[in-house]
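Have a look at the structure below before the remarks.
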Amino acid sequence: MTRWRYAAATDTGLVRQSNQDAVFVNENIAMVADGMGGHAAGEVASAMTIDLIGEGFERDQTVEGLYNAINLANLAVLNDASDHPEHFGMGTTVIVIGLTLDNFGVASPTLFHVGDSRAYQLRDGALRQLSEDHSVAEEWVRMGRLTPEEAAVHPRRHQLTRGVGVEETIAIDVLSLHAQTGDRILLCSDGLSNELTSDEIAEIASPPNSLDEAVAKLIDAAKSAGGHDNISAILIEFDSVSLAEVPIKRTVSTNRPSVAPSSNALGREVTRPKRFTWRVGAVFLVFAGLIGAFVAIMHWYAYSSYYLADDGGTIAIYQGQPSGVLWYHPVKIRDTAYSAAQLVPTDRLALAATISQPTINAAKHYAYYLHSRWMQSRGTAPVTTTTLAQSTTTTVKG
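Everything in the sequence shown is counted per numbering that gives the first Met the number 0, starting at 0 for the first residue and increasing by one.
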């Protein structure tokens, strides 16, 4: 069984008058939301999002269930802003890691992400960022228009390209995590990641600091570095990780056939050799291990790649294998900003058959490449800034 321990904290910081972050963590799910919008609207958005996602995950602890819960939270925040003029423009980021169940009831960690709150993995002292910031500046870094150093000081570094409660449809990044016992996962708002370097985060969040000590030190370090925004952190550590748990039903009969004693019986009790019992147990263990390994390999293979496909006239990005693998079905990750109709004929045919890509970044770039080919065929150069400006809606973190 996969289990984790956790510690969490949130702090207003040294500049903000209120805390618009919301955090929640238990034995099955961890969430950080960073609200935005004036007149406490950001606080409403983040709290509402955390509550609704938590309720949805209680009802359905699958990948699809958690994905749908985030979508429902998005619509709820959007509708609340429409019903209450004082909440106009509110929204929130959200980053979630849940122990999602497959068809066998086996739990594995899955990451869901919208906005610029971050997830990091700590393994053997090495820090790796798991999430991608959904901000204008970071999108430009991925497109090669900015260097990471330029993005760190760019005036649009806090302008989000995605957020919960901003639009009716929401693109959610979904990542299946392959955790090991002892791994630590840090979820945090940008009030932490903007103040501390990766090296500082790795040093503080790693052992020998306990989870509680690490979280407290992270908050204090971010405040010492300026504390310009609300600061939130959840740190979890995996105590145990199982690839699969497949229950094996055993039936033991207590009725044994009677055996007549032979003519040369000496009255000794005849017992079944113990070696046979151990062999049977070993066979069951090997069989269970093989099934567990098979399930784990199938899960990895099923969600190890991405592809582009036509979804109602829009080029969409999916994670998984186009035709599915056994009981694993592909999951739609996000819509791109490009129309399937606006492709050259050969690319349109290729899209109809789906176009495989190794990573989500590769899929994003290839969608842009397809669109640019169509633009060039019409004698028009593609303009990358238009897409970003339209998807951003000038939402600035509050």
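Even glycine gets a Cβ: it sits at the ideal position worked out from N, Cα and C.
Exposure label - residue i; buried when at least 16 CB within 10 Å
| i | result |
| --- | --- |
| W373 | buried |
| G312 | exposed |
| H177 | exposed |
| G88 | buried |
| I69 | buried |
| V282 | exposed |
| W326 | exposed |
| L121 | buried |
| A352 | exposed |
| P256 | Unreliable positioning characterises P256 in this predicted model, as indicated by a pLDDT of 38, which lies under 50. The coordinate reading is nonetheless provided below. Exposed is the call here. |
| T160 | buried |
| I184 | buried |
| A408 | As shown, the chain starts at 0 and ends at 397. That puts residue 408 outside it, with no answer to give. |
| R117 | buried |
| F286 | exposed |
| Q375 | exposed |
| R377 | exposed |
| T9 | buried |
| V152 | exposed |
| L284 | exposed |
Rounded Cβ spacing between residue i and residue j (contact assumed at less than 8 Å)
| i | j | result |
| --- | --- | --- |
| I96 | A29 | 5 Å |
| R156 | A136 | 4 Å |
| G226 | V14 | 6 Å |
| R347 | L210 | Wrong, their Cβ atoms sit about 52 Å apart, outside the cutoff. |
| E131 | D172 | 7 Å |
| Y305 | V324 | Contact doesn't hold; Cβ gap of about 14 Å is too wide. |
| Y119 | L110 | About 11 Å separates the two Cβ atoms, so there is no contact after all. |
Range covered by the alpha helix (DSSP H) that runs through residue i
| i | result |
| --- | --- |
| S48 | What sits at residue 48 in the sequence shown is Thr, not Ser. Run containing T48: 40-58, per the alpha helix (DSSP H) assignment. |
| A220 | 210-223 |
| L350 | 344-351 |
| R15 | Looking at the DSSP string, R15 is not in any alpha helix (DSSP H), and its letter there is neither H nor E. |
Coil, strand or helix - residue i by DSSP
| i | result |
| --- | --- |
| P84 | helix |
| F103 | coil |
| V24 | strand |
| A72 | helix |
| H364 | helix |
| S338 | strand |
| I233 | strand |
| R333 | strand |
| G144 | Before going on, a small fix: residue 144 reads as Arg here, not Gly. It is coil, neither helix nor strand. |
| D228 | coil |
| Q320 | coil |
| G124 | coil |
| S116 | coil |
| R377 | coil |
| S371 | helix |
| I94 | strand |
| Y327 | strand |
| D79 | helix |
| I314 | strand |
| L284 | helix |
| L110 | strand |
| T180 | coil |
CB contact flag (residue i, residue j, <8 Å)
| i | j | result |
| --- | --- | --- |
| I316 | I354 | no |
| T91 | G53 | no |
| I94 | H83 | no |
| Q179 | V240 | yes |
| Q19 | G37 | no |
| G190 | S231 | yes |
| L71 | T99 | no |
| S192 | N229 | no |
| A7 | I233 | yes |
| E167 | L74 | yes |
| D238 | R58 | no |
| A44 | G181 | no |
| A220 | L195 | yes |
| G124 | A201 | yes |
| Q356 | Y365 | yes |
| V62 | V330 | yes |
Element boundaries [beta strand (DSSP E), containing residue i]
| i | result |
| --- | --- |
| M35 | 28-35 |
| R3 | Contrary to the premise, residue 3 reads as Trp rather than Arg in this sequence. Segment 2-10, the beta strand (DSSP E) holding W3. |
| Q158 | That residue, Q158, is in no beta strand (DSSP E); it is neither H nor E in DSSP. |
| L195 | Counting along the chain, L195 falls outside any beta strand (DSSP E), and DSSP gives it neither H nor E. |
| V165 | Looking at the DSSP string, V165 is not in any beta strand (DSSP E), and its letter there is neither H nor E. |
| A308 | 305-310 |
| Q356 | 354-356 |
| I184 | 183-187 |
| D172 | 172-175 |
Contact test: residue i Cβ vs the ligand MG heavy atom, cutoff 7 Å
| i | result |
| --- | --- |
| Y5 | For the ligand MG, the structure offers nothing, since it holds no ligand at all. |
8 Å Cβ cutoff, residue i in contact with chain B
| i | result |
| --- | --- |
| D238 | Of the protein chains in this structure there is only one, and it is not chain B. |
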